[in-house]
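Protein chains in written order, with the numbering used here: chain A, 34 to 131; chain B, 3 to 485. Note that beta-carbon positions come from the ideal geometry of N, C-alpha and C, so glycine has one too. Down below is the structure, laid out as structure tokens.
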């Protein structure tokens with residue numbers, strides 16, 4: 034697996050990460066080395082082995098769908114907005130999308 | 003200044019009116035202020051003193067500490083800054099969360115405080131718990147508790163340094179690939195990663211959800227048992243929280259193991275190349291201790307150990323790349339000044355996320371890569387298949403032994419800046435702690451002596467899933483027998 038700077042830029046873009054040119058160069062070399070090490074996994078025969086995504090088998094517990102009132106601050110505003118970066122009315126403000 | 007070895011000696015002092023919870027808290031606050039370890043990111047002075055005053059009021063009203071109902075009454079604890087507390091800044095040692103004040107409290111912290119604990123402050127760590135030396139904090143590295151210039155370990159480095167230097171009575175850490183056990187080993191304290199699902203992860207800022215577990219970092223095994231008993235147990239707010247009835251860890255830990263029927267497994271693959279002589283010698287002496295007590299040492303094999311670092315650095319970073327996508331600056335977090343030039347929302351996200359430190363960026367990139375179209379099968383799926391083989395190894399090994407004894411990490415603490423330039427070398431330090439996370443097993447690091455330069459060394463004990471009580475009992479007997 035060859036980690037080109039182009040690949041690093043593409044993956045960083047997918048992850049919405051802004052990288053400096055220096056970071057692209059450094060990370061590409063480091064990822065090359067790490068992936069080179071990880072390639073040892075190809076030597077393991079995993080034919081017919083089910084992937085394990087959790088530490089052990091667990092069931093998904095179900096619970097009643099109960100409505101819980103949202104917590105409010107001392108002024109009666111939703112608590113989650115108390116320390117929001119920018120608030121507009123009762124919501125979070127972001128730049129225009131269109 | 004007072005110095006207490008465990009919670010029960012603190013409670014004895016409260017009962018004998020030798021010191022009050024308020025006085026003890028003030029002593030710790032003074033020590034924190036004078037300390038140069040950089041272990042604390044936020045000191046909760048006023049809040050802690052209020053908690054101490056109410057602890058003193060309860061002790062005065064009852065005549066003594068009601069130990070059964072409030073086993074942590076008046077005990078000052080440090081909380082790793084990856085656990086939320088309502089109204090208290092929680093940074094995860096990241097610039098991106100420099101101003102984040104969560105509106106809710108982690109279940110573990112809530113239960114400890116309900117049992118009377120005082121939260122004295124939030125502890126430094128590697129950013130988002132990614133690292134093994136506490137050099138990845140946006141707020142600067144943490145110094146080793148007894149050896150200035152050395153790392154305390156990571157990612158719970160602030161917790162290890164604070165407990166090791168007696169800046170609090172005990173602390174909470176989190177362990178995703180060894181982040182409790184390794185700093186405990188480096189810093190000469192007790193650190194336990196419970197079985198996955200024992201402690202609720204509600205309010206723990208997620209790094210790798212299938213691996214993360216909260217655990218105690220303490221001066222004694224008994225204290226770890228007490229903390230685990232108080233904060234563990236089912237929580238409907240964490241869907242991976244175990245519904246099993248929690249064992250009475252503090253009682254079980256105090257019991258002598260049934261030595262004659264005890265088999266301690268020694269995995270040959272854990273004696274990898276690169277285990278330093280001082281570490282190897284102390285662990286071998288520890289094995290002899292068990293043998294002398296009457297336990298049987300059994301050679302076991304965990305043949306896929308050599309692949310665990312590879313599996314971990316695919317699984318953990320993949321989960322992290324997904325978990326950390328929530329840090330987009332919309333609902334919380336720091337919006338940097340550069341945002342005024344943001345062209346659109348995608349550009350907005352990028353400028354916010356540029357605030358991540360280099361190790362976090364590195365892991366998000368690797369994780370995004372491993373999950374991306376065209377690479378998913380070769381990397382993520384393959385790693386999860388080998389993860390099953392690693393779990394199978396443990397299942398087989400535990401047919402022949404009750405617990406496993408091994409080193410925690412190949413070396414003792416290293417000097418700051420020694421390994422930061424080579425991420426892969428740093429990752430390889432985790433080879434002996436990672437397997438327990440991949441398979442959800444409980445593990446504990448207990449001090450077992452000193453090595454070169456008088457640096458601390460820990461013994462790692464591992465057990466099958468949900469054998470936490472037995473593990474604590476074994477660790478407690480070892481601690482007592484060594485003293």
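Between the C-alpha atoms of residue 150(B) and residue 42(B), what's the straight-line distance to the nearest angstrom? Roughly 16 Å between the two C-alpha positions.
Test: residue 77(A) CB closer than 8 Å to a CB of chain B: yes
Helix or strand or just coil, what does DSSP make of residue 486(B)? The requested residue 486(B) does not occur in the structure, where chain B is confined to residues 3 to 485.
Starting from residue 177(B) and walking both ways along the alpha helix (DSSP H), at which residues does that stretch end? Counting along the chain, residue 177(B) falls outside any alpha helix (DSSP H), though it belongs to the beta strand (DSSP E) covering 172–177.
Assuming residue 34(B) and residue 45(B) form a contact by the criterion Cβ under 8 Å, report the distance between their Cβ atoms to the nearest whole angstrom. 6 Å
Can you give me the C-alpha to C-alpha distance between residue 55(A) and residue 384(B), rounded to a whole angstrom? 31 Å
Examine chain A for any beta-carbon lying closer than 8 Å to the beta-carbon of residue 44(B), and answer yes or no. no
Got a sec: which bits of the region 305–323 of chain B sit with their beta carbon under 9 Å from any beta carbon on chain A, in order along the chain? 306, 308, 309, 311, 312, 313, 315, 316, 317 and 323
By how many angstroms is the C-alpha of residue 124(B) removed from the C-alpha of residue 263(B)? 43 Å
So who's on the other strand from residue 265(B), going by DSSP bridges? Under DSSP, residue 265(B) takes part in a beta bridge, and its partners are 298(B).
DSSP has residue 63(A) in a bridge; who is on the other side? Paired residues: none, contrary to the question.
Taking C-alpha atoms, which residue in 453(B), 446(B) and 67(B) lies nearest to residue 469(B)? Ranking 453(B), 446(B) and 67(B) by Cα distance to residue 469(B) puts 446(B) first.
Per-residue DSSP class, three states only, for residue 46(B): Coil.
Name, going along the chain, the residues of the region 362–379 of chain B whose beta-carbon falls closer than 7 Å to a beta-carbon of chain A. So the close ones are 363, 364, 366, 367, 368, 370, 371 and 374.
Just to confirm my understanding: we take residue 224(B), look at its own chain, exclude 5 residues before and 5 after, and list those with CB closer than 8 Å. What are they? For residue 224(B), where only same-chain residues beyond five positions count, the Cβ hits under 8 Å are 8, 9, 10, 252, 255, 256 and 478.
Would you kindly work out how many angstroms separate the C-alpha atoms of residue 68(A) and residue 34(A), rounded to a whole number? Each residue's Cα considered, the two are about 7 Å apart.
Can you tell me which of the three DSSP states residue 468(B) falls into? Note: residue 468(B) maps to coil in three-state DSSP.
Using the Cα positions of residue 183(B) and residue 191(B), report the straight-line distance between them to the nearest angstrom. 9 Å
Going by DSSP in three states, residue 462(B) sits in which element: helix, strand or coil? strand
Ignoring anything shorter than 4 residues or poking outside the region 212–260 of chain B, list the alpha helix (DSSP H) runs there in chain order. Secondary structure within the region 212–260 of chain B: the alpha helix (DSSP H) runs of 4 or more consecutive residues, fully enclosed, are 223–233 and 251–256 (chain order).
Compare the beta carbon distance of residue 219(B) and residue 173(B) with 8 Å and say whether it is the shorter of the two. yes
Does the CB of residue 386(B) have a neighbour CB from chain E at under 8 Å? Reference to chain E is not applicable here, since the protein chains of this structure are A and B.
Residue 66(A): contacting residues in chain B (beta-carbon distance under 9 Å): 424, 425 and 426
First through last residue of the beta strand (DSSP E) which encompasses residue 79(B): 78–82
Could you pull the DSSP bridge partners for residue 165(B) from this structure? Paired residue(s): none; residue 165(B) is not in a bridge.
Would you say residue 442(B) lies against chain A (beta-carbon separation less than 8 Å)? yes
From the DSSP output, in three-state form, read off residue 97(B) for me. Note: residue 97(B) maps to helix in three-state DSSP.
Alpha-carbon to alpha-carbon, residue 331(B) and residue 352(B): 10 Å
Backbone secondary structure at residue 43(A) - three-state DSSP: helix
Could you say which of 128(B), 340(B), 110(B) and 206(B) lies nearest to residue 228(B) if we only look at CA atoms? 110(B)
What number of angstroms, rounded off, separates the C-alpha of residue 71(A) from the C-alpha of residue 88(A)? When the Cα atoms are used, residue 71(A) and residue 88(A) turn out to be separated by approximately 21 Å.
Looking at residue 416(B) and residue 267(B), is the spacing between their C-beta atoms short of 8 Å? No, Cβ-Cβ distance for residue 267(B) and residue 416(B) is not below 8 Å.
Cβ neighbour criterion (16 or more within 10 Å) applied to residue 107(A): exposed
Whether or not the region 204–213 of chain B and the region 312–328 of chain B are in contact is what I'm after, with contact meaning three or more pairs of Cβ atoms, one per stretch, closer than 8 Å; do they touch? yes
Check the Cβ of residue 108(B) against every Cβ in chain A and list those closer than 7 Å, keeping chain order. Within chain A, no residue comes near residue 108(B); the closest Cβ sits about 15 Å away, beyond 7 Å.
With a Cβ-Cβ cutoff of 8 Å, do residue 128(A) and residue 140(B) count as a contact? no
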